[in-house]
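Residue numbers 0 to 122, in numbering that gives the first Met the number 0, belong to the letters of the sequence shown in order.
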Amino acid sequence: MKIRIKDNSIRLRLTQGEVNEFEKTAKVSATTSFLNESTLTYSLIWSKEENYSAIMNDHEIEVRVPQSAGQKWLDPTQVGMEQLLELKNGDHLRILVEKDFACLTERVDEDESDNFPNPLSTC
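Written out as structure tokens, the structure is:
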């Protein structure tokens, strides 16, 4: 799973295997390790709640999606889920969860064998 954070935006991209894991176990996580032995874990969780949420505790970011939205996203024709969450200070946090497509040009340093086929790769 890839994470991209920019200002008040969190974007998660999942491979086919990660989407399957999310469907079966209701959670998928990835961890990044740092030189000082600390880690950052980020997780996508299928929530029983009706609303999206995103929290950060210690060294973990949890993005929670409602079951109804998660179920729709599993459909092969659905690429992403997006939600704006209102913060206490009036700002918004944008959550975007997407299926990770293979790039149209080869990337030698990346294994894209589990990525979804790019719909633009065929006519």
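Glycine included, each C-beta is placed from N, C-alpha and C at the ideal position.
Keep in mind the model is a prediction, meaning the values are calculated, not measured.
Tell me which same chain residues have a C-beta within less than 7 Å of the C-beta of residue i, skipping the five on either side of it?
i, result
"Gln82", "Tyr51, Ile94"
"Lys47", "Gln66"
"Leu86", "Leu92"
Any idea what DSSP makes of residue i, helix, strand or coil?
i, result
"Thr24", "helix"
"Glu36", "coil"
What's the C-alpha gap between residue i and residue j?
i, j, result
"Glu59", "Val27", "13 Å"
"Trp45", "Asp57", "21 Å"
"Asn7", "Ile54", "13 Å"
"Ser32", "Asp74", "33 Å"
"Trp72", "Gly79", "6 Å"
So, are the CB atoms of residue i and residue j less than 7 Å apart?
i, j, result
"Tyr41", "Ala25", "no"
"Leu11", "Val96", "yes"
"Glu22", "Met0", "no"
"Asp99", "Leu13", "yes"
### Message
Report the start-end ranges of each alpha helix (DSSP H) in the stretch 48-86 that is 4 residues or longer and not cut off at the edges.
### Response
66-72
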